[in-house]
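*Asks:* So that we are looking at the same thing, I have put the structure below in structure tokens.
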Amino acid sequence: MTSDLDRRHQKTTLDKKVDQISAIILPYVVDKEIDILKAIGKSEVERNAQLRSIYIHLVGINQSIAINSTPRVNLPATGQVTYQSTTNLVNQGLKVADLKIKFSLTSPTNNLVRINILALIAIFAYFLIKKQINSTLIAEKRKIASLGLHLALEASSDGWWEINKSENKALVSKKLCNLLSIKHNDKHKTIVELNANWWINYFEQSYDLIKFLCLQNASITHKEVKILPEKGKKLHHISIKRVKILGNKYIKDTIVFMLTNVSEEVANRSRIEDMAYTDNLTKLSNRVSFELELEKLSAEKNRHQYRYSLLMLDIDNFKLLNDINGHIIGDQFLREISNRLRLILRPMDFIARIGGDEFVIIARFPNSNDEDIMRRSLAIGEKIRKAISKPFLVDDLALQYNCSIGICIDKDQSDSPLSILDNADLALYDAKDKGRNKVSFFKDSMKDVVSRRASLKEMISEALNKKTIYIHYQPIFDISLKKRGQQKLQIVGYEALFRCDHINASPGQIIKTAERTGQIDQVTEAVIDAIGNDIKYNKIRLISTQKISINVSAVEILNPNFSKQLLDRLAQNNINNDQICIEVTETAFISNIELAKRNIALLRLENIQVAMDDFGTGYASIQTLRNIKFDQIKIDQSYIQGPMNDINLALIKSLIWTARAINVDLVAEGIETEEQLNTLSSLGCTLGQGFFLDQFDERNMEAKTPLDKHF
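Counting in this note's numbering, the sequence shown runs from 426 upward without gaps.
Have a look at this one:
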């Protein structure tokens, strides 16, 4: 027998059922009723009056028991439907489980709408099953697409991980785990787990990396990071590339990150940067690095509360040191100078060797005025001067040499950052003019020289723009004894000497200014263009064995892109590589022999010959010959035009024998007399050039003015 408690429970359950089903059905019934009332012409007021009551009958089919529930329908102005229901339980012994439920809804218009709940359930079940089937199919297709993606990724040699933002999943590949030396787990992790437990533990710059990984639409698609090494293990560099998968809708929310070990590439890049920015002999910064530092300092000066000065120094009579003790001792002396500068200067000071025996120091002074900067700069300059004047012990030799120093403070700098170097250079020459071993400040009275340089820069620019540069071709002859018996000397090539008539300066001054102003590349390009034009219009004719020698500045040979730039310019002018020989002075190899060696090797691979110019006047001639392969050696004219005494003849002979021993052609420059020609020929010199020999050039037989060789 059913208890009162059971009946009350059944009543409450039926109440809830009626309310739930009514919430679904009632809005539908009201909409249908409104359509009917509209169709029979009822006004809105009449429609609202008749819609006040709709009866819902819940019929128990098995036991024919009716339960009446009367929702009261309110139709506010918004048109939303709300209701309240009360249920009358006719048979107190009715069991909910016995009911096969269907609704009959009766409206005041006596229109009966019957909806079979079993049919509704069937419809709902259909759609639910269909949705489940579709979800399953999509999941399978996504799985197939993901599998295909993984197979493609595994075919590469890179490690990878995959992030699916919509599913909050991340998968790490086995190759990536091997790359990081961690245990592989092929199960998907959540992105949160990956954030917290994975990349933060393995990568530097983890915060930036997380932003890079999580911003799906970020413009940056590549990042290079370092792996945090375990104790005692090597630091690795990793390149991470983000790849968004397109063209497949089933994995459209998937982002793949490809990881490559680029440690070797980074190391090579670092070595190249060291070559480009480090002086090979002293391991100090070189001129390129110094100019970058100066530009950065000038740009940042206004943002920081500090001032600076530039000190430029060189060693007095350094050439004499080399002549007496040899270039190897001279090189070691420069290293000792560098070490002593490192010891006496502050950590905030910047030191560079910009060529030969020239050094520069950038001294910083926080919160200082002009007077304070000058006082403190002078103190640093005197400290350097006194330190260098003390004896050095080099290879058991006690060497004692002085230095001259020029100083310029930042207030004397014009718009160009390099102008302070020009001013410090002027101050340095002023120190030498005063007797050497002095410290001198730049003064406004020195600006006339700066003005002259600025004017020369403008004239160079005008010559380049108007193409007024031309070439004087000085012939190079075979002067060996076996050829001397012939009626005329044989020309084996020409040296292209840069000329520009409307510039009131020597070629040497023009080239030095172009190096300082950054115009030297343009000057060399103009020389090559002029040569190409002369060949094209037969102003110079070359037989197959003849070559044209082009002088190259030390600044250019230390440019990492020089070889490519030169080869491209020759190709543009249709000049064959095997028609060209470039001449490089010894000083080009002093600051960075490795970079110069690399450029020369690249040019020789392209059939361009390379000559060492002014041999015997630099700081490490023999050492350079040991490190770099040359095709020619050119003896400096100072040996040829000096007195032909026993010592000078012995030096010339030793140079000739050196060239012969290493199977390199030797050219004697500056032959101006027949006596010099005969002497050189008798000593075994095979090639020569100079004013005296110009008369044998059939292209121009008239008398010539001696040409100073500056370039």
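The beta carbon of each residue, even a glycine, is placed where N, CA and C say it ideally should be.
1) Shortest alpha-carbon distance to G780 belongs to which of M700, I1060, N711, Q899?
2) Is the beta carbon of V760 sitting closer than 8 Å to the one on L706?
3) Could you pull out every residue in the same chain whose Cβ sits closer than 8 Å to the Cβ of I945, ignoring the five residues on either side in sequence?
4) Does the Cβ of R424 have 16 or more other Cβ atoms within 10 Å, making it buried, or fewer, making it exposed?
5) Start and end of the beta strand (DSSP E) containing P791?
6) Just to confirm my understanding: we take L719, look at its own chain, exclude 5 residues before and 5 after, and list those with CB closer than 6 Å. What are they?
7) Under 8 Å, do L851 and A930 count as touching if we go by C-beta distance?
8) Since F775 is in the beta strand (DSSP E), which residue starts that stretch and which ends it?
9) Could you check if F790 is buried or exposed, using at least 16 other CB atoms within 10 Å of its CB as the buried criterion?
10) Please report the straight-line C-alpha distance between D704 and Q947, rounded to a whole angstrom.
11) Decide yes or no for the touch test of the region 763–774 against the region 858–877: beta carbon pairs closer than 8 Å, at least 3 of them.
12) Under a three-way DSSP split, which group does C602 fall into?
13) Specify the secondary structure class of Q757 as computed by DSSP and reduced to three states.
14) Determine contact between the region 1022–1033 and the region 1061–1068, defined as no fewer than three beta-carbon pairs at a distance below 8 Å.
15) Distance check for C828 and R810, CA to CA, integer angstroms please.
16) Do Y919 and S974 have their CB atoms nearer than 8 Å?
17) Where E796 and D774 are concerned, what is the direct C-alpha to C-alpha distance, given to the nearest angstrom?
18) So if DSSP puts D903 in a beta bridge, which residue, or which two residues, is it bridged to?
19) In three-state DSSP terms, what is R732?
20) For the region 935–1004, which segments carrying the alpha helix (DSSP H) assignment without a break, of at least 4 residues, lie completely within its bounds, in sequence order?
21) Relative to the C-alpha of E1099, which candidate in I904, I1058, S723 has its C-alpha closest?
22) Tell me which same chain residues have a C-beta within less than 6 Å of the C-beta of L889, skipping the five on either side of it?
23) Please name the residue or residues paired with C833 in a DSSP beta bridge.
24) Of all the options N848, I1007, N1024, Q915, which has the alpha carbon lying nearest to the alpha carbon of I968?
25) For G943, tell me which candidate among E883, N1088, F1117 has the shortest Cα-Cα distance.
26) Can you check which of these residues, Y702, I680, F1116, is closest to I901 by C-alpha distance?
27) So F1040 and E1011 are in contact, right, with Cβ under 8 Å, and what is the actual spacing, rounded?
28) Could you check what DSSP says for F1121 in three-state terms: helix, strand or coil?
29) Relative to the alpha-carbon of V681, which residue among L596, K721, K868 has its alpha-carbon at the smallest distance?
30) Could you name the residues that DSSP lists as bridge partners for Q1057?
31) DSSP on H927, reduced to helix/strand/coil?
32) State the DSSP-derived secondary structure class of E716, mapped to helix, strand or coil.
33) If you draw a straight line from the alpha carbon of Q997 to that of G1109, how long is it in whole angstroms?
34) Distance check for L1091 and R1085, CA to CA, integer angstroms please.
35) What is the DSSP secondary structure of I1007, reduced to helix, strand or coil?
36) Using a Cβ-Cβ cutoff of less than 6 Å, which residues in the same chain neighbour T1111 once the five nearest sequence positions on both sides are dropped?
*Replies:* To lay it out plainly:
1) N711
2) Residue identity differs from the one stated: residue 760 is Arg in this sequence, not Val. Cβ atoms of R760 and L706: closer than 8 Å.
3) Take I945, set aside five residues on each side of it, and the residues of its chain with a beta-carbon closer than 8 Å to its own are I936, A939, S978, V980, E981, in chain order.
4) Nothing in the structure corresponds to residue 424, since the chain is present only between 426 and 1136.
5) 783–791
6) P842
7) For L851 and A930, no; Cβs fall outside 8 Å.
8) 775–780
9) buried
10) Linking D704 to Q947 through their CA atoms gives a straight-line distance of about 25 Å.
11) no
12) helix
13) Here Q757 sits in helix by DSSP.
14) no
15) Roughly 6 Å between the two C-alpha positions.
16) yes
17) 19 Å
18) Answer by DSSP bridge pairing, in chain order: Q915, L1112.
19) strand
20) 945–961, 979–982, 987–997
21) I904
22) Q947, A951
23) L735
24) Q915
25) E883
26) Closest option to I901, Cα to Cα, is F1116.
27) 7 Å
28) Looking at F1121 - three-state DSSP - the assignment turns out to be coil, as it is neither helix nor strand.
29) Of the candidates L596, K721, K868, L596 places its Cα closest to the Cα of V681.
30) A1036, D1090
31) coil
32) helix
33) 40 Å
34) Near 8 Å, if we compare the C-alpha coordinates of L1091 and R1085.
35) Of the three classes helix, strand and coil, the one that applies to I1007 here is strand, per DSSP.
36) S905
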